[in-house]
Amino acid sequence: MNEQRSNDPKELLSPSYRASCWHPTQMMHYEEKRQSSKSIGAKVWIFLAMASQMGVICSSKSDQTGWIQAKPMTRTTWMKYSSQQHSIIESEAIFGLNDNDVSLDESYRLRFTGVGRLYQSSTHPSLDEPLYRLQKATVAVIGLGGVGSWAAEALVRSGIGHIVLIDLDDICVSNTNRQLHALTSTVGQFKIDAMQQRLLQINPNVNVTLIHDFVNADNVHDLLNPQWTAVVDAIDGSRGKSALLAACADLRMPVVTCGAAAGRVDPTQIRVGDLTIVEGDKLLASCRKELRKYHGFAQGYSFRDKQKLNKKPKQFHIQTVYSLEEQRTALVQSDTAQSLRVCDSALGTACFVTGTYGFVAAGRIIDMIVNDKLLSPRR
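Taking our numbering, the leading residue of the sequence shown gets 167, the next gets one more, and so forth.
Here it is, written out as structure tokens:
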């Protein structure tokens, strides 16, 4: 293993360092991408991205001065930290390779050929084509709770090659009823850390990027990257959710958003539709209102206008997972809140509902990627 270290980002780009890591054919891929980038920072990122894709064991660490240190490590999961936000803001996963650069090794085929068969058709008879698209895709899951944790696992089990997990919350014992990563052994861990370990057990070659932060209006544009393929929005607050959806509209980034799963018991009533048509979900209604009031989305119509004039609002092109079931109300506040730390809201929740929300969201993402029909939000 190469033990070379450097205190200069330019050293990463030196022929001797590259030659110590790569074969000639890999070097050629790097040189083609390097020529199209002007800044040292971009070139270093491309180096790390290509190294990760090629399975090279290298890493880089940053501080206020930028990328200053390179050292070998046993796993190619790359992260870039923001010294101001104390969070990760970039990763190698944003640099996707061209179709010709992606190869399906035997391990990947054994795990995910069953998914490829599902999407074979008379117009797309190749088994490899859907797998190529899944392997090179980068999907971000924002909010790793009762919905996002199930969505993340479904995406990786479906062959997604790069996944970004964004959350700053830790696992609480009262998450056990609804969150996939909540185990006796994981209580107290960061949700995305526990989820990363689980995902690597599913596919050891998946690139998992961790961003320890909550998404809000102030940081959303710093956290998102336009080269991600798609986003799953599993945020449970209307302000963060509306800020994220507005940013996705700015970047024309495909997104599937999820409504409130709490207070519901019937997973068969879960549906998918444009955000503008959803009824009976207070979280989504508040989010929709904020998008129209603060983010310039097209205005809707009153109930009377919709009924009398048969008018329909302009669609946002935001696929939304929601339920037709009426949300239950909380009758009794749990006494455990007086003596133990709990992470529950006043409404009850069940994994067979939250999990279905996550599975449906993941299903829509996979379908868009495989069929190359990525739907981007519009104001």
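Ideal Cβ positions, reconstructed from N, Cα and C, are used throughout, including at glycine.
Quick check on the burial criterion: 16 or more other C-beta atoms within 10 angstroms. Buried or exposed for residue i?
{"i": "residue 539", "result": "exposed"}
{"i": "residue 297", "result": "buried"}
{"i": "residue 273", "result": "exposed"}
{"i": "residue 518", "result": "exposed"}
{"i": "residue 396", "result": "buried"}
{"i": "residue 399", "result": "buried"}
{"i": "residue 239", "result": "Residue placement at residue 239 cannot be trusted, given a pLDDT of 28 that sits under 50; what the coordinates show is reported in the next sentence. Its Cβ having fewer than 16 others within 10 Å, residue 239 is exposed."}
{"i": "residue 284", "result": "exposed"}
{"i": "residue 320", "result": "buried"}
{"i": "residue 271", "result": "exposed"}
{"i": "residue 456", "result": "buried"}
{"i": "residue 314", "result": "buried"}
{"i": "residue 477", "result": "exposed"}
{"i": "residue 362", "result": "buried"}
For residue i, which of helix, strand or coil comes out of DSSP?
{"i": "residue 281", "result": "helix"}
{"i": "residue 467", "result": "coil"}
{"i": "residue 520", "result": "helix"}
{"i": "residue 363", "result": "helix"}
{"i": "residue 387", "result": "helix"}
{"i": "residue 525", "result": "helix"}
{"i": "residue 533", "result": "helix"}
{"i": "residue 326", "result": "coil"}
{"i": "residue 337", "result": "coil"}
{"i": "residue 276", "result": "helix"}
{"i": "residue 331", "result": "strand"}
{"i": "residue 346", "result": "coil"}
{"i": "residue 321", "result": "helix"}
{"i": "residue 377", "result": "strand"}
I believe residue i touches residue j by the beta-carbon criterion, under 8 Å. Please report the beta-carbon distance rounded to the nearest angstrom.
{"i": "residue 542", "j": "residue 420", "result": "5 Å"}
{"i": "residue 312", "j": "residue 281", "result": "Between residue 281 and residue 312 the Cβ distance is about 24 Å, and since that is not below 8 Å, they are no contact."}
{"i": "residue 331", "j": "residue 374", "result": "7 Å"}
{"i": "residue 327", "j": "residue 300", "result": "7 Å"}
Between residue i and the ligand FAD, is there a pair consisting of the residue's CB and a ligand heavy atom that are separated by less than 6 Å?
{"i": "residue 285", "result": "The ligand FAD is absent from the structure shown, which contains no ligands of any kind."}
Report task. Note down, one range per segment and in chain order, each alpha helix (DSSP H) of at least 4 residues found wholly within the stretch 389-460. Result -> 404-417, 448-460
Query raised in the report: Are there three or more Cβ pairs, one per stretch, closer than 8 Å when the stretch 439-454 is compared with the stretch 323-340?
Result: no
Query raised in the report: Mind pulling the beta strand (DSSP E) runs of 3 or more residues that sit fully within the stretch 291-319?
Result: 304-308
**Report entry** Three-pair Cβ contact test at 8 Å for the stretch 381-388 versus the stretch 426-438
**Finding:** no
Requested in this report: Indicate whether the contact test is met: 3 or more Cβ pairs, each with one atom in the stretch 306-318 and one in the stretch 523-542, closer than 8 Å.
Outcome: yes
Report task. Evaluate contact between the stretch 475-492 and the stretch 435-445, counting only Cβ atoms and requiring at least three cross-stretch pairs below 8 Å. Result -> yes
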